[in-house]
Every structure is written in C-alpha cells, then in structure tokens.
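**Q** Quick note on numbering: the sequence shown equals residues 48 to 184 in the working numbering. Every residue, glycine too, gets a C-beta built ideally from N, C-alpha and C.
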Amino acid sequence: MFFIMGVNQGRKNILHHQLVICDRCNQYGRYEVMMTYMYFSLFFLPLFRWKRRYFVKTSCCHSLYQLNPKVGRALRRGLEVEITPNDLILIQKGTAVKQEAVRHKFCIHCGYTTMEEDFAYCPRCGNLLEQQGQSEQ
Numbered sequence: 048m049f050f051i052m053g054v055n056q057g058r059k060n061i062l063h064h065q066l067v068i069c070d071r072c073n074q075y076g077r078y079e080v081m082m083t084y085m086y087f088s089l090f091f092l093p094l095f096r097w098k099r100r101y102f103v104k105t106s107c108c109h110s111l112y113q114l115n116p117k118v119g120r121a122l123r124r125g126l127e128v129e130i131t132p133n134d135l136i137l138i139q140k141g142t143a144v145k146q147e148a149v150r151h152k153f154c155i156h157c158g159y160t161t162m163e164e165d166f167a168y169c170p171r172c173g174n175l176l177e178q179q180g181q182s183e184q
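1. Determine the burial state of G125: buried for a count of at least 16 other Cβ atoms within 10 Å of its Cβ, exposed for fewer.
2. Distance, Cα to Cα, Q65 vs E79?
3. What beta strand (DSSP E) runs, 3 residues minimum, are completely inside the segment 102–132?
4. Kindly indicate if chain C contains any beta-carbon less than 9 Å away from that of P93.
5. Using the C-alpha atoms, what's the distance from W97 back to N73?
6. Whether or not the segment 120–137 and the segment 83–98 are in contact is what I'm after, with contact meaning three or more pairs of Cβ atoms, one per stretch, closer than 8 Å; do they touch?
7. Taking Cβ positions, are M81 and K59 nearer each other than 9 Å?
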C-alpha cells in the first residue's frame, strides 16, 4: 500500500475593499490582503493548516506589510474590519513612482489600442484613431 503525503506552503487572497492614501507614495491605492500557511496533505488533500500569517500589499507602490493576526482572522471570516496603520508592520518598501497621465489611442472601428503616439491612423484597419486619457481598454 502506498501513501502519498507531504508538507507544502499555501497562499490565499482574502477579499477586502479599502481605499487608502498610501503613506509611502502619497497616492490613492487599495490594500490587497493575503494569508500564507503551511499544510499537510494526504493523497493530495489538505488535512490541516498551521503557521498562518497575514500580509497586506498596496496596489499603488506595492509596499508589503505584515498584518496583525487578529485583524487578519476577522477579515478571513468575512467581517467588515478597517485596517489601520497600527495594524501594519512594514516588511518591504515599494517603489514610489509618480503615475503620469498615460495617453491611449483607441480605434472605435476594430478595437485596436495603442500607446504609441506616432500613429494617427489604425495600423489594423486604417481608420482615424481617437485619443483617450487614462482609459482601461
């Protein structure tokens, strides 16, 4: 009889919506909360977890913080909890880059999007491109 078992690391993203002004880059961003853990598996099924740790990464400059475990457990349970600066311990500073307005050109005829400013006409269909500021195409 064969037993397939092992110890691995896992990571789970925790759904949390909190907009903040980042202390590092002074821009609007949001907190991305994740939990890391170790787990024991038997026949590829996780049986139990231990060593749970909670982390927060900012979406603006990607600074990484360790989160207070009590707050992390509450977020994992789905409770509405606000993360305060007292709940965070800085692990890694992010890159504070000023985001300038990115100009996109968008073809309304075929959907082609480009950031190259030297195109006045669409390279795909030949129609005139429209210019849009900071669009999420």
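**A** If we stick to the structure as given:
1. G125 is exposed by the Cβ-count criterion.
2. Computed Cα separation, rounded: 9 Å.
3. Segments of the beta strand (DSSP E) lying fully in the segment 102–132: 111–114.
4. The structure shown contains no chain C; it holds only a single protein chain.
5. Taking the straight line joining both Cα atoms gives about 36 Å.
6. Counting C-beta pairs closer than 8 Å gives fewer than three between the segment 83–98 and the segment 120–137, which falls short of the contact rule.
7. Taking 9 Å as the Cβ cut-off, M81 and K59 qualify as a contacting pair.
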